[in-house]
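Novice: Take a look at the following structure, please.
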Amino acid sequence: MVVRCAVHLARLILWLGVVLPAAGQQAVEISSRNANYTIQVRLHPETKMLEGMEVLEWRNTTRFSTSELWFHLYWNAWRNSRSTWLREDALRTEPRADSLQQRRPEDWGYVQIEAVRVLPGGAFGAAELTQQVRYESPDDANPEDRTVLVVPLPRPVGPGETIRVELVWKSKIPRTFARTGFRGNYFFLAHWFPKLGVFEPDGTWNNHQFHAATEFYADYGLYDVQITVPRGWLVGATGVALGVTENPDGTATHRYQQADVHDFAWTTSPDFREARRRFERSGLPAVDIRLLYQPEHAGQIERHFRAVEAALEHYGLWFGPYPYGHVTVIDPAYESGSGGMEYPTLFTCGTRYWAPFGGGQPEGVTIHEAGHQFWYGLVGNNEFEHAWIDEGLNTFSEERVAEVAYGQWFFVRRFFREFVPVWLRDVRRSRLHGMGLDRYRAAARSDVPATPTYRYHPETASAITYSKTALWLTTLERMLGWETLQRILATFFERYRFRHPKPEDFFRTASEVAGQDLTWFFDQVFYRAAVFDYAVQSVASEPVRTLGYVERNGTLALAGEESAREEGPYETRVVVRRLQDGILPVEVLFVFEDGERIRESWDGRALWKLYTFTRPARLEYVVIDPERKIVLDTHYTNNSRRLQPRPQFVATKWAAKWMVWLQDFLHTLTFLF
Amino acid sequence: MSVWRSFLFGLGRVLKTPSLLCWVYLASLAVALPLAMVVRGGIAAHVGGSLVEQNLRTGLDLDWYGEFAEEASGVAATFGPEVIGHMALVQNLERLLDGKLLAAHRTLLAAGGLYLLFWTFLVGGILDRFAHPGEPHSRARLFGHSGEFFWRMFRLLILSVLFYLAIFRFVANPLHEFVEQATRDVTVERTVLLWTALVYLLTGLLLAGVSMAFDYAKIAVVVERRRSAVLALLRGLGFIARHPGHTCGLYLLLLTAAAVVMFFYGAIAPGSGQSNWATVLVAFVIGQAYVLARILVKLWFLASQAILFQAAANHPDRTAPAAASAPLP
Ligand SMILES: [Zn+2]
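Protein chains in written order, with the working numbering: chain A, 9 to 681; chain B, 53 to 381.
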């Protein structure tokens, strides 16, 4: 406890030294701030168009020069069905809720660059580059993809040099794809402006095309954005509002600013309602929470705040403080498709008109997206290549926070076109269930986690990115203890805040903090698509018995008298098996009928292993991995075995319930006649 | 004959003939029990000697269920948390109102088909009993009439299923689709919910109308000894058209009775935690009592509607003392 408090105190002092927390003020520079944007954007709600102008100020922080700037034009992913995003999306067997065929002309989206020019300043003179730009498809050479724009420069940007570039563009807002777009007069605008890629320390541009299963990657910087929308519409955006100017044409311009972030998203609608709350916990910086909610969810305001506060509190205490002093929470419009997504200092959650408390939503999604302020916002890994770092760490953290703050959720299913929730209070969802153990089991071999995420199969990517990572983190928690894992995560957070960590950075930190080389573990769970399944193959426990000849008084004699005696002793033989290729050391617990317990460690390497004991009592049962540390074990039912199986009771119990269900079905059928 | 009297006398006739209830219930058991044994075998085989058995005593272990769902085959694969308590009712109701009754797992569908055949067979004999309560009855007469009417009833069944499918093909699904398209820019869930609820209501009304028409068609087959299924259906429709207030009022009362049974069971339906044989038995008995009550209500529909039909049509066969009075306006 003392140690923990001291750590918090140290963190607080550190934090006070670098950050000015009050809303409206900017944090003291702590990130690289080498990609700074000044943007003016105007929304035309009737035509669903955006008109934008941005000035990017970019400083080359590497040792290399570059004679190009690479930009993401994300919205071109929905220019037509030939884009890489839509081609990948089509690989999903589960059809999109809105089929592309049903899309109307106004439902597609695009971004068109109208002008690109270098602004004079520093070593650069003014230069018009509009005609020189070109499109690239670095990932799949798809000539019809227009999500990567390359701007050749009149002269290279050398190490440490800064260049200012102005881009003018127009874009069509799509009916929502990938959490961005419109529904009615609700607009959610994410990855909406021409956005610079990352010029890596090795002198190459990391600027992937937009892919169906991956998200984003950018450098940190200062965003100063002026958003013009119809007067009276509420705006939510990354950063803090610096003021509103009412324009004579019936519009209003909202100015938002935020430093030390790597993206900027905003939303607007005339229907939003606003609620505010100040989060205050000793040992953590205060955070002003602004909730923009749908009027029909007024009854759920408190639930949203409570979930955000749970995330800020636990993530803050476990990993490190949230330094920005404010966060904007968006309750998205019904069926807008923009729910459940994170952006710096702003995120969307998502609820339903009927959402029973205890069923997990909107609390789960709110904790998750609030948690992304830490894993994604502050620790800015490359989501194209290593999405597991933010999504996996965050799914693990979310489930842990939810369990600590709320306990286990109960089972809910929505009926009647998903409008009506029905729940079973006495059926609880475990943390493993929440992390997606079932999804992982179904997709365990779909991809090697070390593969760049954008190359994962789009259908199963999340099972690896989110579920598998969260599950093996749980294994680490159970192997090393929560205290150790928490220190690993806190150290990783502290070291890579405002930076772009790579997988090896996490693995190195984990080994270092744990005080043991964990390479063998990551080899199994990350560098291979190994599947884990340990099982009890056979169990026998019989009176010790010898047949044939034994040595007696120096001569061989038939072993008649040594024959088995029912009162013991007993010989117990248990064969355990490794059914798959995944190898992790595991414990095996043997419990005998007289209460004796024997715990054995097995390195788990051999395909099978025989355990033999001679004991006064029979074996009662055996369990492999009794604490369920290897949560990646896809089949835990086969991990234990009683000497006397007794499944009849539960089988009868559940079959009896099933029968009533069937009889109800049969009876419902007679409604037909 | 007033609606209330038909309603109450109907219940009286059902209660006076418990053997009919027994026969239908036996049909339900005959279909469900063997399949339940298969499911029991599937669960027992999957659990085996595993300690997960302890978790399944105290509740439903969803982690186990995930494994089971992945490995289960055949009818055992239909086992899931939905079978618990009130959720079972809601799921089946949703199937009915979404037109998915015939889209169930093929074993369930086969079981359902078999049960419908049983029912179609019995319904002739049952209606004969309800229509002629004063006449001597026997098992031979019940099955004799069941056999006599079976093919006519079967043709009606086919017609009814076609109507059911048509309601969804031509009305309910297009309307849901229409609502979805018409509300694609609506940002308020409550609004969409309201429109969707209206479509469900309309679907329910259509289903009720069809069900009512076929009930009177069946009654006409028995009471008026009609041979043609189509003419019987027209007779049913004509009867409703001539007595809309009485037929609909009675139907609404009967529907309320069904709803009361379902709500009551939904409220007391046992959850997942029976951990000894006594509680399992109690849960099973409650479940079977519910099934019996549902069957009773189904028979009640037929009995009351037969009384109304006979009274209105002033059939010479009617023998219930009260039915002699109050001809319909
Ligand atoms: Zn996430």
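Beta carbons are placed, not taken as given, at the ideal position from N, Cα and C, and that holds for glycine.
Is Asn84 of chain A a contact residue of ligand 1, with contact defined as CB to any heavy atom under 7 Å?
Specialist: No - ligand 1 has no heavy atom lying nearer than 7 Å to the Cβ of Asn84 of chain A.
Novice: Just curious, the beta strand (DSSP E) that Ile338 of chain A is in, first and last residue?
Specialist: His334 to Ile338 is the span of the beta strand (DSSP E), which, as asked, contains Ile338 of chain A.
Novice: Quick one: residues in its chain with C-beta nearer than 7 Å to the C-beta of Glu288 of chain A, no 5 flanking neighbours on either side, listed in chain order?
Specialist: Counting only Cβ-Cβ distances below 7 Å, and skipping sequence neighbours, we find Ala294.
Novice: Less than 6 Å between C-beta atoms, sequence neighbours within five positions excluded: which residues of the same chain meet that for Leu175 of chain A?
Specialist: If we look at Leu175 of chain A and ignore the five residues flanking it on each side, its Cβ neighbours are Glu62, Val124 and Pro202.
Novice: Can you check which of these residues, A:His52, A:Leu77, A:Val456 and A:Leu58, is closest to Leu704 of chain A by C-alpha distance?
Specialist: No answer is possible for residue 704 of chain A: it lies beyond the span of chain A, which begins at 9 and ends at 681.
Novice: Specify the secondary structure class of Ile235 of chain A as computed by DSSP and reduced to three states.
Specialist: Three-state result, Ile235 of chain A: strand.
Novice: Assuming Ser212 of chain B contacts Leu680 of chain A (C-beta within less than 8 Å), just tell me the rounded distance between them.
Specialist: About 5 Å separates the two Cβ atoms, so the contact holds.
Novice: Quick one: does the C-beta of His199 of chain A sit closer than 7 Å to a heavy atom of ligand 3?
Specialist: For ligand 3, the structure offers nothing, since it holds only ligand 1.
Novice: If we count Cβ pairs, one from each stretch, closer than 8 Å, do we get three or more for the segment 75-93 of chain A versus the segment 168-185 of chain A?
Specialist: Yes, the segment 75-93 of chain A touches the segment 168-185 of chain A.
Novice: With a threshold of 16 other CB atoms inside 10 Å of the CB of Thr130 of chain B, please say whether the residue is buried or exposed.
Specialist: With 16 or more Cβ atoms within 10 Å of its Cβ, Thr130 of chain B is classed as buried.
Novice: Closer than 6 Å by C-beta to Val420 of chain A: which residues in its own chain qualify, once you throw out the five before and the five after it? Chain order, please.
Specialist: Same-chain partners within the cutoff: Gly367, Pro429 and Trp431.
Novice: From A:Ile235, A:Asn646, A:Gly168 and A:Asp541, pick the residue whose C-alpha is nearest to that of Arg50 of chain A; which is it?
Specialist: Closest by alpha carbon: A:Ile235.
Novice: Quick check: the Cα distance between Tyr721 of chain A and Ala471 of chain A, rounded to an integer number of angstroms?
Specialist: This structure cannot speak to residue 721 of chain A, because chain A is shown only from 9 to 681.
Novice: DSSP three-state call for Gly60 of chain A: helix, strand or coil?
Specialist: It is a strand residue.
Novice: Mind checking whether the beta-carbon of Glu391 of chain A lies closer than 7 Å to any heavy atom of ligand 1?
Specialist: For ligand 1, not one heavy atom lies less than 7 Å from the Cβ of Glu391 of chain A.
Novice: Tell me the rounded alpha-carbon separation between Tyr342 of chain B and Arg436 of chain A.
Specialist: So the alpha carbons of these two residues sit roughly 26 Å apart.
Novice: If you drop the 5 nearest sequence neighbours on each side, which residues of the same chain put their C-beta closer than 8 Å to that of Arg278 of chain B?
Specialist: Same-chain partners within the cutoff: Arg204, Ala272, Ala284 and Arg287.
Novice: Using 8 Å as the limit for Cβ to Cβ distance, is Gln362 of chain B near chain A?
Specialist: Gln362 of chain B does not count as touching chain A.
Novice: When the Cα of Arg585 of chain A is compared with those of A:Phe540, A:Arg183 and A:Ala664, which residue comes out closest?
Specialist: Taking only the C-alpha atoms, the option nearest Arg585 of chain A is A:Phe540.
Novice: Pull up the distance between the alpha-carbon of Asp148 of chain A and that of Trp396 of chain A, whole angstroms please.
Specialist: Going by the C-alpha atoms only, they are around 22 Å apart.
Novice: For Leu383 of chain B versus Phe182 of chain B, is the C-beta spacing smaller than 8 Å?
Specialist: The displayed coordinates of chain B run from 53 to 381. Any statement about residue 383 of chain B would go beyond what the structure contains.
Novice: Report the rounded CA-to-CA distance for Ala410 of chain A versus Leu526 of chain A, giving the unit in angstroms.
Specialist: Taking the straight line joining both Cα atoms gives about 28 Å.
Novice: Where does Gly318 of chain B sit, in a helix, a strand or coil, going by DSSP?
Specialist: Helix, per DSSP.
Novice: Distance cutoff 8 Å, beta carbons only. Does Lys476 of chain A sit that close to anything in chain B?
Specialist: Judged by the 8 Å Cβ criterion, Lys476 of chain A is not in contact with chain B.
Novice: Cβ of His376 of chain A versus every heavy atom of ligand 1: is any distance shorter than 7 Å?
Specialist: Yes, since a heavy atom of ligand 1 falls inside the 7 Å radius drawn around the Cβ of His376 of chain A.
Novice: Rounded to the nearest angstrom, what separates Phe272 of chain A and Tyr231 of chain A at their Cα positions?
Specialist: Roughly 7 Å separates the two Cα atoms.
Novice: Can you list the residues of chain B that Pro364 of chain A reaches, using a CB-CB cut of under 9 Å?
Specialist: Those do not exist, as Pro364 of chain A stays about 13 Å from chain B at its closest Cβ, beyond 9 Å.
Novice: So which residues on chain C does Pro133 of chain B lean against when the C-beta distance must stay under 8 Å?
Specialist: Within the model displayed, chain C is absent; protein chains A and B are what it includes.
Novice: Counting only beta-carbon separations shorter than 8 Å, does Tyr268 of chain B have a partner in chain A?
Specialist: Closer than 8 Å: no.
Novice: Could you please tell me which residues of the segment 333-350 of chain B, in chain order, have their CB closer than 8 Å to any CB of chain A?
Specialist: Within the segment 333-350 of chain B, the qualifying residues are Ala335, Phe336, Gly339, Gln340, Tyr342, Val343, Arg346, Ile347 and Lys350.
Novice: Runs of 4 residues minimum, wholly inside the segment 194-237 of chain A: which ones carry the alpha helix (DSSP H) assignment?
Specialist: Complete alpha helix (DSSP H) runs here, min 4: none at all.
Novice: For Leu592 of chain A and chain B, any beta-carbon pair shorter than 8 Å?
Specialist: Chain B, which has no Cβ nearer than 8 Å to the Cβ of Leu592 of chain A, makes this no.
Novice: Just how far apart, CA to CA, sit Val36 of chain A and His219 of chain A?
Specialist: Because the pLDDT of Val36 of chain A is 47, which lies under 50, any placement of that residue in the model is unreliable, and the number read from its coordinates should be weighed accordingly. About 34 Å.
Novice: Does the Cβ of Glu134 of chain B have 16 or more other Cβ atoms within 10 Å, making it buried, or fewer, making it exposed?
Specialist: So Glu134 of chain B ends up on the buried side.
Novice: Which class does Gln357 of chain B belong to by DSSP, given the choice of helix, strand or coil?
Specialist: It is helical.
Novice: When the cut-off is 8 Å and only beta carbons count, does Ala30 of chain A lie next to chain B?
Specialist: Because the pLDDT of Ala30 of chain A is 38, which lies under 50, any placement of that residue in the model is unreliable, and the number read from its coordinates should be weighed accordingly. No, Ala30 of chain A does not count as interfacial toward chain B.
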